[in-house]
Each structure stands twice: as C-alpha cells, then as structure tokens.
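**Q** Those protein sequence lines, which keep their order, are chains A and B.
Note that the numbering used here numbers the first sequence so that position 216 is 332, with each residue one more than the last.
Note that the numbering used here numbers the second sequence so that position 179 is 557, with each residue one more than the last.
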Amino acid sequence: MAVVAAGHGGRMRRLFGRDPIGYAFVAPYVLFLAGLFAYPLLVALYISFFDYFFAAPGAHVARPFVGLDNYAAVLSDPVFQRSILNVAEFILINVPLTVLLSLVLASALNAKLPFRTFFRVAYYIPYVTASVAVIGVWLWLFSGGGLLNGVLGPLAPSPSWLVNDVLAMPVIALVVTWKQLGFYVILYLAALQNIPRELYEASEVDGAGVVRRFTAITVPGVRPVTTLVVILATIVGANLFTEPYLLTGGGGPNGASMSPVLLMYQQGIEQGHAGYAAAIGTVLAIVVMAISAFNRFVLERE
Amino acid sequence: MSRTWLRLSSIAAVLALLLAACVGDNGGGPAASGAAASGAPASGAAASGAPASGAAPSAAGAKGAIKIWYSNNAEEVTWGKAVVAAWNKDHPDEQVTGEEIPAGKTSEEVIGASITAGNTPCLIFNTSPAAVPQFEKQGGLVALDSFPDGASYIKDRSGALADQYKFTDGKYYQMPWKTNPVMIFYNKTIFAKAGLPTDNPPLKTYDEFLATAKTLVAKGGVQAAIWPSPSADFYQPWFDFYPLFIAQSGGKQLVEGGAPQFTSPDGLAVAAFWKSLYDGNLVPKEAYTGDSFADQKAAMAIVGPWAIAAYGTKVKWGAVPVPTKDGKDPKDIHTFSDEKSIGMYSSCKNLGTAWDFLKFSTSKDNDGQLLTLTGQMPMRTDVAATYPDYFKAHPEYTAFADQASRTVEVPSVPNSVEMWQTFRTAYSESVIFGKTPIDQAFKTAADKIKTLVSGN
Chain A
117 MAVVAAGHGG RMRRLFGRDP IGYAFVAPYV LFLAGLFAYP LLVALYISFF
167 DYFFAAPGAH VARPFVGLDN YAAVLSDPVF QRSILNVAEF ILINVPLTVL
217 LSLVLASALN AKLPFRTFFR VAYYIPYVTA SVAVIGVWLW LFSGGGLLNG
267 VLGPLAPSPS WLVNDVLAMP VIALVVTWKQ LGFYVILYLA ALQNIPRELY
317 EASEVDGAGV VRRFTAITVP GVRPVTTLVV ILATIVGANL FTEPYLLTGG
367 GGPNGASMSP VLLMYQQGIE QGHAGYAAAI GTVLAIVVMA ISAFNRFVLE
417 RE
Chain B
379 MSRTWLRLSS IAAVLALLLA ACVGDNGGGP AASGAAASGA PASGAAASGA
429 PASGAAPSAA GAKGAIKIWY SNNAEEVTWG KAVVAAWNKD HPDEQVTGEE
479 IPAGKTSEEV IGASITAGNT PCLIFNTSPA AVPQFEKQGG LVALDSFPDG
529 ASYIKDRSGA LADQYKFTDG KYYQMPWKTN PVMIFYNKTI FAKAGLPTDN
579 PPLKTYDEFL ATAKTLVAKG GVQAAIWPSP SADFYQPWFD FYPLFIAQSG
629 GKQLVEGGAP QFTSPDGLAV AAFWKSLYDG NLVPKEAYTG DSFADQKAAM
679 AIVGPWAIAA YGTKVKWGAV PVPTKDGKDP KDIHTFSDEK SIGMYSSCKN
729 LGTAWDFLKF STSKDNDGQL LTLTGQMPMR TDVAATYPDY FKAHPEYTAF
779 ADQASRTVEV PSVPNSVEMW QTFRTAYSES VIFGKTPIDQ AFKTAADKIK
829 TLVSGN
C-alpha cells in the first residue's frame, strides 16, 4: 500500500505522516479540547495578570495590568496557604487509600466470586450518584447526633467529626475515596484482565502464596494503571469543591477544610476578583502538574 | 523531534489565533479590557459610565417587548404570571415575557454570569441588595434616577426606608420591592413541654433568652434552642448576628459613613451573647441538613413572614421581636429587612416599557396581590394601613407588618460581598469556634472592611 511520494507530496507526508486522514478523525476532539479546555486555560492565564473582573459587554471598566501582583497576593494569603495544606493532607490520605482499596477490591472482584456482577455494580453506584445526594447521607452519619457517634457513644470525638479542625479533612478524604472508588476499581479490573493467567499458574507451581502472587505479579502487572490512578486521584483532590462546600459548611470549621477551588469560587464568582481567582487556578494547575510529573517519575521508573 | 516541534507550534499558533479571535470580538473580553486598561483609572473604581446608565436618557423612552425574571418559589411564580398576564392584556405592543430565574448555586451567581454574557432580562424581581454594588461595578444595572420620575416614585412608595437603597454615588440602582422583616419564631408545643409560657415567653433580654434556651434544651426534648446555620457563607450573618446587632444598636447598619459599626459595645455584646449560646451547646456548631424548626429539632428560628405559610399548619407557633441586651420596647426594635429589590439591567433595549412595567408591578393593587399570595411585605410606607382588609383577615401577619416599618438593610457599599465574607470569617473564628477573642477578631475584620468599603 506504500505510496511513492515526491516533491510537494513528500513534504506533506513529512509534516502530516503517512495517513493524514488520522488528523480528520482526531480533529473534532482537538477542537473540543481547544475550545473548552485550552482556550479557557489561556484566558485564565491572561486574566491572572490583570486586576480583572467580569463586566457587561461594552462596559467601560478599568482592568489595569498588575503583573505578578495577583500571584504575590495569592501566595502570601494565609487562607490560600491553609487551603494548600488542607489539600496536601487530603491527597496524603486519599491517594494511598484509593490505590490500596481499589486494587484489593478489583483483585477480589476479578476472582470467581458469587454475585460478582452485583458487587461490581454496587461499588460503581456511588461514583455515578450526585454528590449532593451522597453528602446528605454522610452528614447524617458523621453529624454530632449522627449514627456513628451513636455507635461510638462516649468514644465519639469532641468536637464532633465535621466541626473538628483535626478530623474534618480526613473525613472528607474518606468520603471522596468511597465515592470515587468504583471508577478506579473498573480501571484496575481492566488492567487485571491483561495479566496472563499462566504467570499465576506458574508461580503457584513454584510455591508462591496468595500474598506473594499479589505483590510479585498483580502489583507490577497493573503499574501503568496505578500511575493513572495516582494522577487522576491527585487531580480530583486538587479540584476538591463540593465536599467542603456542603459537608463542612463552606470549608469549615474555621477554614480547616477550605480548598483552593472553594477559595477560587468565593473570590472569583462571589466577590468578583477574577484576576485573583485566576492566579489561584494557575498556581493550582502548576502544582498539580508538578505532583503528577513526580508521581509518574517515581512510579514508572524501571 | 523537529517534526514534533513543528506540530506543537502549529497547534499553539491555531490556539493563539483562536484566542485572539474570541477575545477580539467581545467588548467585555480580555483584549478589549486590556485596551481599556491603558490610561484607565486605578483598580476598584466603579464602572465609569455603565453603558445603560450612561445611555439611559436617550433609551429611556424606548418601548416594545421585554423579558423579566422572577423568583422560582411557587407563590412568587403565581404572582409573576398574574401580573404579566394583566399587563399583556392591555399592552399588545409591549408584551412582557416572564420566566423563572435560571437555577444556579445562588441567584446572584446566575445574574452575575448573565451580565457578563450580556443576556440579562430587562427586570429581575429577585435582586439581592448585597449584590447590587457588584452588579453596578460590572456595568450591569440601569440607574433608576435616569427616568424623570425614577427617584420620586421610589421615595413616594417606600418613604424614608428608600434612602438605604441608594448607592454611595447617591443613585438608585435598585427598586426596593419587598421585605421579610425577621423575628424570632417559636414553637409553642415545645415551650409548653419545657414548662415555659407560650404567650409572651421570656425572650426579651439576653439573660431571659439564655435562661429560656437552657430550659428548652434541658426539658423541651430539642437538640437546639435555635439553630442558625453556622456555615461560612457570606450571607449567614443576616440570620444570626445582624438582626440582633440592628436591634441592639437602635437601627445601625454594619458599616455607616465608611466606618464599621460592629466593634462598638453593642456589636461586642451581641457577639458575646451568641458565643454564650454556642458555648452552652444551646446552638449547634454543625449545620442541620433539613429545616430544624419544621423537624422540631430546634425550638426557635429567626425568620420572616414567609414562615407563616411555610410552618402555619405544621407547628403551633408564636413570633416575638429579636432580643436586646436589656429588653427594649418592641416598638423601638429594628430588625434586618431580608429585602429583595427589582433591578433594571443594562442589556435591556426597551427601557421605557421596563420602567412602565416596573411601576405597574409595584402599584398598590399588585403589591396587595403580592402580600396576599406570598405573605411578604411590599416596601411601602405603612403596609398595615394600606391593606387593612388583609390584616383583618390575617391578624398573624400584623406583628411582621409593624416590624416592616423598622427595618435596616445591608449597607450599599463597594465590595459588599467581600465585606460580609470578611465579617463572617471573623465571626466564625471568634464566636462559633472560639479560636480568637471576639474583640481581636472584630478589630482585624473592621480594619480590613474599612479599606474594602472605601472602594480600594
């Protein structure tokens, strides 16, 4: 099928490869990505250098260029610093827990279990349920007079879970882990199907037990998916909004569960400081990219 | 490698072109703003000549079809539809289309986005006074003074209360429409169970209120004496600190003449009162997921007259004014208005019709209709005397009507939302969670707020 190309055709081929039709196939998604992700990202970057706010079309308003002032203000804002620490705490709890639980659950669901399909669906349901509805249930579980404190009796923490500055963030991390788990279980299930059965059979013949087979075959076998899960879970953590907004009453108690995105919402949407909010977004995007690059480096090195 | 770079640069070039095209075609976009910024006044300055306020005199007479938004609760939808139908019957050439305000986290968020997009309707019958300064800064509002009879119509209808709705530049960017003066609603059944009197219960002074709250939690079988939301939202002070501060200070706003008022002895007394309720576990620090008063988890609530329709048959209720430190005469007690205004928005083409419809919808008859359908008080001088038949038939609303004449609004100042958020943060850390002494937290907040309301 090779086509002999020369002159103009050769240049085209050098530029667009052997099958330029491929570009037509990816074009819709590239346009979608450019229009809905790349363009807003660039505009946000632009806005972050101005004392910007959203105004009516044609309104003559002052939006002076302020250079790096927004970044300086963001980085020295104690509320932002606190929100970054909160998210770091969230990620430290959520990401390892997510990886561990989803891999263990996926391995269990990959085995020949009775009601296997039922369990697979059951773990996925929280992921597709609206956060608002799910949070109502968790509020009922974790509130001062809720089910958990009822069970714990005198052992219940005081102040209670959601108004305790030490416990609020771990509770949120737990809720998000539970909610997202189904999605990551599916990813791991797909990866597990790709591990040849013969490896398990051979190791069994060699006398490897369940734990050894898990650590020596399963864990390395799903490593690319682990990288993906870690990166996705980090991004989800960095974008934390709904849970602190609803579960702990707007980042409470007293800012203990404030997240950068919630702060971005308050500043950009509620208070009209779009430039400041855009700077938060840019800093957050850089931090997430750095963490993801680091994760990838650590997890994928041979 | 070089081919990859070539591809990446092609993609970057396409994106740059896309960006330039998108921002270049919109006056409100970054490119335009960048141009506007050169040589523009310092940041924080209000929109210099918001388009419609500047253009209003010539467009003020334009007539034709208009669109309006009203609130999405059932009672106000019924009222809105009826008023629009009545207008449309007599104005075939100036038809009004009424719609419920689109859903969003808050109405203010929806309106703010709509201003930026340039697709606001002519009138929104659900404009929060706290958001008005921001909408004005966005160039989204029409100053109603630009109509020859604008200021006089507002003043005639609302009397002296109208002054609170003027912006710092002296203009009306909102029409004060209806108020829900907040009072203390209490559950008579729970009071009786706790052995407390159900008529004129001891709730006038802070000491009485505290003692009553203790009795209610101890003997009334409730989790909370009263359960205002402890969440960090900027508007929550309107339903805990602010009404009591207004009452205690004899009708002061949070900020007056650019000076924060809440660090006064009155402000500190109100904060100390709430702190004693939180410290005594009489008010929970956690949010309740439903309606704590309707679910009988709390014996009291701070609410406006809308509550009569909401709780009327479910709860045997009574209403008293908010408490003051030493128990002022109810006739001297002011409270928070919980008012909603009508805003006229700058994307409106037919301002003449919008103004005429605004006056029509706030006529004595249509205000009366609003009162009848929603129980909310039109922002008129002496509501009780204007609609005597209604209050004769519904005596339970009389206390609220009386209170409506002594309401105080949020201050109409620049950076209003940020001001409230700053206050709420200080209140949360000192009063609710007790991490910082009240006077210290309030002083820090006051210093920041002073700068904010000066427009910087």
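Just so it is clear, CB atoms sit at the ideal spot from N, CA and C, and this is done for glycine as well.
(1) Specify whether the region 503 to 522 of chain B and the region 788 to 801 of chain B touch according to this definition: at least 3 beta carbon pairs, one from each stretch, less than 8 Å apart.
(2) Can you tell me the Cα-Cα spacing of Tyr564 (chain B) and Ala679 (chain B), whole angstroms?
(3) Using only CA atoms, which one of B:Gly833, B:Thr764 and B:Glu807 lies nearest to Lys821 (chain B)?
(4) In chain B, which residues lie with their C-beta within 8 Å of the C-beta of Trp256 (chain A)?
(5) Along chain A, which residues have their Cβ under 9 Å away from the Cβ of Asp673 (chain B)?
(6) Given this structure, state the Cα-to-Cα distance separating Ile396 (chain A) from Leu158 (chain A), to the nearest angstrom.
(7) Going straight from the alpha carbon of Gln626 (chain B) to that of Ile562 (chain B), what length do you get?
(8) Enumerate in chain order the residues of its own chain whose CB-to-CB distance from Leu263 (chain A) is below 7 Å, with the five nearest sequence positions on each side excluded.
(9) If we count Cβ pairs, one from each stretch, closer than 8 Å, do we get three or more for the region 300 to 314 of chain A versus the region 401 to 410 of chain A?
(10) Are three or more beta carbon pairs between the region 545 to 555 of chain B and the region 657 to 669 of chain B nearer than 8 Å?
(11) Got a sec, what are the start and stop residues for the alpha helix (DSSP H) Trp798 (chain B) sits in?
(12) Quick check on Val177 (chain A): does DSSP put it in helix, strand or coil?
(13) Report the rounded CA-to-CA distance for Leu749 (chain B) versus Met755 (chain B), giving the unit in angstroms.
(14) Using the Cα positions of Ile446 (chain B) and Lys742 (chain B), report the straight-line distance between them to the nearest angstrom.
(15) Using only the alpha-carbon positions, how far apart do Tyr584 (chain B) and Pro621 (chain B) sit?
(16) When the Cα of Leu519 (chain B) is compared with those of B:Tyr723, B:Gly833 and B:Thr829, which residue comes out closest?
(17) Which residues of chain B have a Cβ atom closer than 7 Å to the Cβ of Gln419 (chain A), listed in chain order?
(18) Grab me the residues of Phe299 (chain A)'s own chain with a C-beta within less than 6 Å of its C-beta, minus the 5 sequence neighbours each way, in chain order.
(19) Whose CA, out of A:Leu208, A:Gly266 and A:Phe169, lies closest to the CA of Ala495 (chain B)?
(20) If you draw a straight line from the C-alpha of Ala443 (chain B) to the C-alpha of Glu634 (chain B), how long is it?
(21) For Gly439 (chain B), which residues in the same chain have their Cβ closer than 8 Å to its Cβ, ignoring the five residues on either side in sequence?
(22) Buried or exposed for Tyr381 (chain A), please, with buried defined as at least 16 other CB atoms from any protein chain shown within 10 angstroms of its CB.
(23) List the residues of chain A whose Cβ lies closer than 8 Å to the Cβ of Phe738 (chain B), in chain order.
(24) Is the Cβ of Cys612 (chain B) closer than 8 Å to any Cβ of chain A?
(25) Can you give me the C-alpha to C-alpha distance between Leu632 (chain B) and Leu225 (chain A), rounded to a whole angstrom?
(26) Less than 8 Å between the beta carbons of Thr456 (chain B) and Glu717 (chain B), yes or no?
(27) Would Val279 (chain A) count as contacting chain B if we go by Cβ distances under 8 Å?
(28) Here's a check: name, in chain order, each residue in its chain whose Cβ is nearer than 7 Å to the Cβ of Pro615 (chain B), leaving out the five neighbours to either side.
(29) Does Pro348 (chain B) get closer than 8 Å to chain A when you measure Cβ to Cβ?
(30) Please say whether Ala824 (chain B) and Pro643 (chain B) have beta carbons closer to each other than 8 Å?
(31) Does the beta carbon of Ser806 (chain B) sit closer than 8 Å to a beta carbon anywhere in chain A?
(32) Please decide whether Pro242 (chain A) counts as near chain B, where near means a Cβ-Cβ distance under 8 Å.
(33) Which same chain residues, not among the five before or five after Val142 (chain A), have their C-beta less than 7 Å away from its C-beta?
(34) Check whether the Cβ of Ile137 (chain A) lies closer than 8 Å to any Cβ atom in chain B.
(35) Just the C-alpha distance for Phe165 (chain A) and Asn186 (chain A), rounded to the nearest angstrom, thanks.
(36) Tell me whether Ser319 (chain A) sits in a helix, a strand or coil according to DSSP, three-state version.
**A** The short version:
(1) Yes, since at least three Cβ pairs between the region 503 to 522 of chain B and the region 788 to 801 of chain B fall closer than 8 Å, the two stretches touch.
(2) Their Cα atoms are separated by approximately 7 Å.
(3) The candidate whose alpha carbon is nearest that of Lys821 (chain B) is B:Glu807.
(4) Near Trp256 (chain A) (Cβ distances below 8 Å), the residues of chain B are Thr667.
(5) Within chain A, no residue has its beta carbon less than 9 Å from that of Asp673 (chain B); the closest one is some 12 Å off.
(6) Cα atoms of Ile396 (chain A) and Leu158 (chain A): separation of roughly 14 Å, rounded to the nearest angstrom.
(7) Spanning the two alpha carbons is a distance of roughly 15 Å.
(8) For Leu263 (chain A), where only same-chain residues beyond five positions count, the Cβ hits under 7 Å are Trp256 and Leu257.
(9) By the Cβ rule, the region 300 to 314 of chain A does not count as touching the region 401 to 410 of chain A, because fewer than three pairs are nearer than 8 Å.
(10) Counting Cβ pairs under 8 Å, fewer than three are found: no touch.
(11) Taken as a continuous stretch (DSSP letters only), the alpha helix (DSSP H) holding Trp798 (chain B) covers Ser794 to Tyr805.
(12) Reduced to three states, the DSSP call for Val177 (chain A) is coil.
(13) Their Cα atoms are separated by approximately 6 Å.
(14) As the crow flies, the alpha-carbon of Ile446 (chain B) is around 20 Å from that of Lys742 (chain B).
(15) Tyr584 (chain B) and Pro621 (chain B) have their C-alpha atoms some 14 Å from each other.
(16) Ranking the options by Cα distance to Leu519 (chain B), first place goes to B:Tyr723.
(17) In the structure as shown, chain A starts at 117 and stops at 418, and residue 419 (chain A) therefore has no counterpart that could be examined.
(18) When the five nearest sequence neighbours on each side are left out, the beta carbons in the same chain lying within less than 6 Å of the beta carbon of Phe299 (chain A) are those of Tyr243, in order along the chain.
(19) For Ala495 (chain B), the nearest C-alpha among the options comes from A:Phe169.
(20) Rounded to the nearest angstrom, the two C-alpha atoms are 40 Å apart.
(21) Excluding the 5 residues flanking it on each side, Gly439 (chain B) has same chain C-beta neighbours closer than 8 Å at Leu729 and Gly730, in chain order.
(22) Buried, because 16 or more other Cβ atoms sit within 10 Å of the Cβ of Tyr381 (chain A).
(23) Under a criterion of Cβ atoms nearer than 8 Å, no residue of chain A is adjacent to Phe738 (chain B); the nearest Cβ is some 26 Å distant.
(24) Per the sequence shown, the amino acid found at residue 612 (chain B) is Phe instead of Cys. Output row for Phe612 (chain B): interface = yes.
(25) Linking Leu632 (chain B) to Leu225 (chain A) through their CA atoms gives a straight-line distance of about 59 Å.
(26) It is not a contact, given that the beta carbons lie outside the stated cut-off.
(27) Output row for Val279 (chain A): interface = yes.
(28) Contacts found: Trp798, Phe801, Arg802 and Tyr805.
(29) Because chain B in this structure spans residues 379 to 834, residue 348 (chain B) falls outside the shown range and cannot be described.
(30) No, they are not a contact pair.
(31) Chain A contact via Cβ: present.
(32) Judged by the 8 Å Cβ criterion, Pro242 (chain A) is not in contact with chain B.
(33) For Val142 (chain A), where only same-chain residues beyond five positions count, there are no Cβ hits under 7 Å.
(34) Closer than 8 Å: no.
(35) In this structure, the alpha-carbon of Phe165 (chain A) lies about 7 Å from that of Asn186 (chain A).
(36) Look at Ser319 (chain A) here: in three-state DSSP terms it is helix.
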